[in-house]
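Read the structure below first, then the notes.
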Amino acid sequence: MQSKRLIINRFKCAYCGACISVCKNNANELVETFLRIDENKCNCCGLCVKVCPMNALSIEEV
Amino acid sequence: MTEYDVVVVGAGPGGSMAAKTLAENGVKVLMVEKRQEIGSPVRCAEGVSKVELESLVEVKKSWIAAEVSGAKIYSPDNSVIVLSEEQAGNEVGYVLERKIFDRWLAKQAAKAGSEVMVKTSAIGIDKKREHLVIKLRRMGEVFEVSAKMVIGADGVESRVGKWMGLDTTLKLNEVESCVQYLITNLKYEMDYCHFWLGHSRSPGGYIWLFPKGNSSGNFGIGVMPSMAKEPAKVYLDRFLNEVGIDTSHVVEVVAGAVPVSPMEKASTERCLLVGDAARHADPITGGGIINAMKGGIIAGKVAAEAVKNNDFSSKFLSKYDRLWKEDFGKTLERNKILQKKLLKMDDKTMDKLIKSLSDSNLKEMSITGIVKELIKKNPKLLWDLKSLFF
Chain A
1 MQSKRLIINR FKCAYCGACI SVCKNNANEL VETFLRIDEN KCNCCGLCVK
51 VCPMNALSIE EV
Chain B
63 MTEYDVVVVG AGPGGSMAAK TLAENGVKVL MVEKRQEIGS PVRCAEGVSK
113 VELESLVEVK KSWIAAEVSG AKIYSPDNSV IVLSEEQAGN EVGYVLERKI
163 FDRWLAKQAA KAGSEVMVKT SAIGIDKKRE HLVIKLRRMG EVFEVSAKMV
213 IGADGVESRV GKWMGLDTTL KLNEVESCVQ YLITNLKYEM DYCHFWLGHS
263 RSPGGYIWLF PKGNSSGNFG IGVMPSMAKE PAKVYLDRFL NEVGIDTSHV
313 VEVVAGAVPV SPMEKASTER CLLVGDAARH ADPITGGGII NAMKGGIIAG
363 KVAAEAVKNN DFSSKFLSKY DRLWKEDFGK TLERNKILQK KLLKMDDKTM
413 DKLIKSLSDS NLKEMSITGI VKELIKKNPK LLWDLKSLFF
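First to last, the protein sequences are chains A and B. First residue of the first sequence? That's 1 in the numbering used here, and the numbers climb one at a time after it. First residue of the second sequence? That's 63 in the numbering used here, and the numbers climb one at a time after it.
Below is the structure:
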């Protein structure tokens with residue numbers, strides 16, 4: 001019943017791990033250069049969006 | 063299941079120094095690195111203090127990109143403090159080539175006897191009564207190793223601490239969001255490091271230029287996400303445009319996050335954290351290499367003692383906290399207080415402070431040296447810092 005979703009722009013992502021450092025739910029993982037989101041754990045709080053230096057993350061209504 | 067005494071997660075400067083120290087003490091150690099290439103991509107401006115680095119390792123030309131003869135600090139209205147050669151050694155001095163440096167350090171750990179695995183992530187830890195079962199994923203293959211304890215050197219995105227019960231999650235006012243371009247054909251004064259202050263151009267952080275030799279330099283920015291209204295990259299691009307830096311020769315883009323709020327405890331039962339994972343970066347400068355290396359050595363020594371005594375209790379391992387606090391922890395704490403003061407300071411006040419030093423002959427280029435001088439010139443404004451620095 002989720003109405004929001006975290007979107008990754010992979011062309012902007014510099015796989016730096018900033019988003020991982022602020023995630024309380026451990027909903028993301030950096031697999032080398034690939035950012036993986038566990039949608040079951042992500043509650044779209046938006047902290048990772050704010051910390052991303054590259055503007056690669058956004059929350060969109062689904 | 064292969065049995066180790068200690069598994070070190072992460073092969074940055076902290077992890078490698080820990081693994082090296084452990085191996086030198088006869089401890090059976092495995093160091094894993096999730097990337098396929100140690101040291102790449104870097105997340106770092108690469109500047110280190112000459113004096114400090116030389117106290118830790120024998121310096122090799124192969125990983126020194128440049129030496130700087132001074133630093134310039136610009137206020138929001140571009141008043142400048144110049145710190146020249148003899149005064150400049152303490153906070154910066156060498157600019158490293160981290161890609162080569164990190165690999166060299168990992169090789170030192172390997173030479174000392176540590177096993178090293180790359181393209182290998184730690185994906186979970188199972189705490190048993192007498193040991194840990196650490197789940198690893200190496201090139202797609204999941205397997206387990208046993209260890210008596212773990213050292214988490216897994217960076218700002220650390221998971222080891224969380225698995226072991228230390229909450230390392232950063233809040234938006236405890237982290238700097240950073241981006242950096244390595245620009246070549248740079249027409250700038252390249253034997254100096256440059257630092258631009260001011261919340262209007264870099265909210266809660268600063269902009270830097272670290273020369274890397276041959277007209278190249280790391281031009282980067284850190285902003286505090288709780289204060290910034292836009293992503294770090296927007297602020298950096300705007301600044302480069304304003305000062306007229308030619309960005310048509312960018313040969314590398316890197317991003318990163320720096321923890322700028324120290325934590326009380328970087329140890330717990332069967333676990334020690336080092337480097338960014340332990341938030342050992344400096345709250346003012348954001349520098350973390352030296353502290354990571356020092357922390358790695360201390361962690362290696364304490365873990366080796368734990369193995370020798372077969373005591374992995376949080377009580378025994380808290381010795382690590384005591385030792386890093388005695389070493390660099392006090393400066394982290396002090397600089398956190400200084401950081402809070404600076405975060406609240408408006409740009410006009412910062413201009414005034416920088417101007418007050420324009421005719422000073424600074425004896426040492428260090429945070430301590432600069433702040434002491436600032437307090438002397440502006441006792442009323444900075445009275446609350448006095449007891450910290452004198």
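Glycine included, every Cβ here is placed at the ideal spot set by N, Cα and C. Predicted, not measured: the structure shown is a model, and the values here were computed from it.
(1) Where K439 (chain B) and K414 (chain B) are concerned, what is the direct C-alpha to C-alpha distance, given to the nearest angstrom?
(2) Any beta-carbon of chain A closer than 7 Å to the one on S239 (chain B)?
(3) Could you check the C-alpha separation between V104 (chain B) and I429 (chain B) for me, to the nearest Å?
(4) Going by Cα to Cα distance, which pick from B:S288, B:G88, B:S278 is closest to L234 (chain B)?
(5) My guess is that A127 (chain B) and L158 (chain B) are in contact by the Cβ rule of under 8 Å, so how many angstroms apart are they, rounded?
(6) If the cut is a Cβ gap below 7 Å, which residues of chain A does P293 (chain B) touch?
(7) Counting only beta-carbon separations shorter than 7 Å, does A27 (chain A) have a partner in chain B?
(8) Which residue marks the beginning of the alpha helix (DSSP H) containing V369 (chain B), and which one marks its end?
(9) Per DSSP, what kind of secondary structure is N303 (chain B) in: helix, strand or coil?
(10) Excluding five sequence neighbours on each side, which residues of the same chain lie with their C-beta closer than 8 Å to the C-beta of L198 (chain B)?
(11) E32 (chain A) touches chain B at which residues, Cβ-Cβ below 9 Å?
(12) Could you name the residues of chain B that I7 (chain A) contacts, counting a contact when the two beta carbons are closer than 8 Å?
(13) In whole angstroms, give me the CA-to-CA distance for G306 (chain B) and I245 (chain B).
(14) Please list, in chain order, the residues of the region 287 to 319 of chain B that have any C-beta partner in chain A closer than 9 Å.
(15) For V369 (chain B) versus A80 (chain B), is the C-beta distance shorter than 7 Å?
(16) Does the distance from the C-beta atom of G217 (chain B) to that of G72 (chain B) stay below 7 Å?
(17) Measuring CA to CA, which of B:V241, B:Y297, B:P293 is closest to G260 (chain B)?
(18) Closest Cβ-Cβ distance between C44 (chain A) and chain B: below 7 Å?
(19) Under 7 Å between beta-carbons, which chain B residues line up against K24 (chain A)? List them in chain order, please.
(20) So what does DSSP say about F378 (chain B), is it helix, strand or coil?
(21) With burial defined as no fewer than 16 other Cβ atoms inside 10 Å of the residue's Cβ, what is the status of R221 (chain B): buried or exposed?
(22) Should T83 (chain B) be labelled buried (16 or more other beta-carbon atoms within 10 Å of its own) or exposed?
(23) Using a C-beta cutoff of 7 Å, does I37 (chain A) count as contacting chain B?
(24) Return the CA-CA distance between A317 (chain B) and A56 (chain A), expressed in angstroms with no decimal places.
(25) Confirm, please, whether the CB-CB distance from I351 (chain B) to Y75 (chain B) is below 7 Å.
(26) Counting Cβ pairs closer than 8 Å, one from the region 278 to 288 of chain B and one from the region 261 to 268 of chain B, do we hit at least three?
(27) Note down, in chain order, every chain B residue with its Cβ under 7 Å from the Cβ of I20 (chain A).
(28) With burial defined as no fewer than 16 other Cβ atoms inside 10 Å of the residue's Cβ, what is the status of A150 (chain B): buried or exposed?
(29) Could you say if the region 2 to 18 of chain A and the region 31 to 50 of chain A meet the contact criterion of at least three C-beta pairs nearer than 8 Å?
(30) Which whole-angstrom value is the C-beta distance of S146 (chain B) and S124 (chain B), which I expect to be below 8 Å?
(31) With a threshold of 7 Å between beta-carbons, can A150 (chain B) be considered close to chain A, or not?
(32) Exposed or buried, which one is G46 (chain A) when buried takes at least 16 other CB atoms within 10 Å?
(33) Excluding the 5 residues flanking C240 (chain B) on each side, which residues of the same chain have their C-beta closer than 7 Å to its C-beta?
(34) Taking DSSP as the reference, what is the three-state secondary structure of N397 (chain B)?
(35) What I want to know is whether the C-beta of N303 (chain B) ends up closer than 6 Å to one or more non-hydrogen atoms of the ligand FAD.
(36) What did DSSP end up calling K181 (chain B) once you bin it into helix, strand or coil?
Once the coordinates are examined:
(1) Cα to Cα, the separation comes out at about 10 Å.
(2) For S239 (chain B), the answer is yes, since a Cβ of chain A falls inside 7 Å of its Cβ.
(3) Distance between the alpha carbons of V104 (chain B) and I429 (chain B): 25 Å.
(4) The shortest C-alpha separation from L234 (chain B) is found at B:S288.
(5) Contact flag correct, Cβ pair sits at about 6 Å.
(6) By Cβ distance, chain A contributes C52, P53, M54, N55.
(7) False, the Cβ-Cβ gap to chain B never drops below 7 Å.
(8) Per DSSP, the continuous alpha helix (DSSP H) segment holding V369 (chain B) begins and ends at 351 to 371.
(9) In the structure shown, N303 (chain B) falls within a helical segment according to DSSP collapsed to helix, strand and coil.
(10) Excluding sequence neighbours, L198 (chain B) sits near V94, M179, T182, S183, A184, I185, V204, F205, E206, V207.
(11) Ordered by position in chain B, the residues that pass the 9 Å Cβ test against E32 (chain A) are K96, R97, Q98, K181, S183.
(12) Under the 8 Å cutoff, chain B gives no residues; its nearest Cβ is about 15 Å from I7 (chain A).
(13) So the two alpha carbons sit approximately 13 Å from each other.
(14) Residues passing the 9 Å Cβ filter: P287, S288, A290, E292, P293, A294, K295, V296, L298, V315, V316, A317, G318, A319.
(15) No, the pair does not count as a contact, with Cβ atoms beyond the cut-off.
(16) With contacts defined by Cβ atoms closer than 7 Å, G217 (chain B) and G72 (chain B) form a contacting pair.
(17) Considering only alpha carbons, the answer is B:Y297.
(18) Chain B contact via Cβ: absent.
(19) Neighbours of K24 (chain A) in chain B, taken as residues whose beta carbon is under 7 Å from its own, are T231 in chain order.
(20) Looking at F378 (chain B) - three-state DSSP - the assignment turns out to be helix.
(21) Counting C-beta atoms within 10 angstroms of its own C-beta, R221 (chain B) has 16 or more neighbours from the protein chains shown and is therefore classed as buried.
(22) With 16 or more Cβ atoms within 10 Å of its Cβ, T83 (chain B) is classed as buried.
(23) Output row for I37 (chain A): interface = no.
(24) Computed Cα separation, rounded: 11 Å.
(25) Per the sequence shown, residue 75 (chain B) should be read as Pro rather than Tyr. With respect to the 7 Å criterion, P75 (chain B) and I351 (chain B) are classified as neighbours on the basis of their beta carbons.
(26) Enough Cβ pairs lie closer than 8 Å, so yes.
(27) Within chain B, the C-beta atoms nearer than 7 Å to that of I20 (chain A) come from E219, in chain order.
(28) Bear in mind that a pLDDT of 49 at A150 (chain B), under 50, signals an unreliable position, so the number given afterwards is only what the model happens to contain. By the 10 Å Cβ count, A150 (chain B) comes out buried.
(29) Between the region 2 to 18 of chain A and the region 31 to 50 of chain A, the count of Cβ pairs shorter than 8 Å is three or higher; the stretches touch.
(30) Their Cβ separation, rounded to whole angstroms, is 28 Å, which puts S146 (chain B) and S124 (chain B) out of contact at 8 Å.
(31) Any reading at A150 (chain B) must be qualified, since the residue scores a pLDDT of 49, below 50, and its modelled position is unreliable; the value itself is stated next. Chain A contact via Cβ: absent.
(32) Taking all protein chains shown into account, G46 (chain A) has fewer than 16 neighbouring C-beta atoms within 10 Å of its C-beta and is therefore exposed.
(33) Shown here for C240 (chain B): same chain residues with a beta carbon closer than 7 Å to its own, the five before and five after excluded, namely G282, I283, G284, A294, A317, G318, A319, V320 in chain order.
(34) Helix, per DSSP.
(35) As for the ligand FAD, it is missing from this structure, which has no ligand bound.
(36) In the structure shown, K181 (chain B) sits in coil (DSSP, three-state: anything other than H, G, I, E or B).
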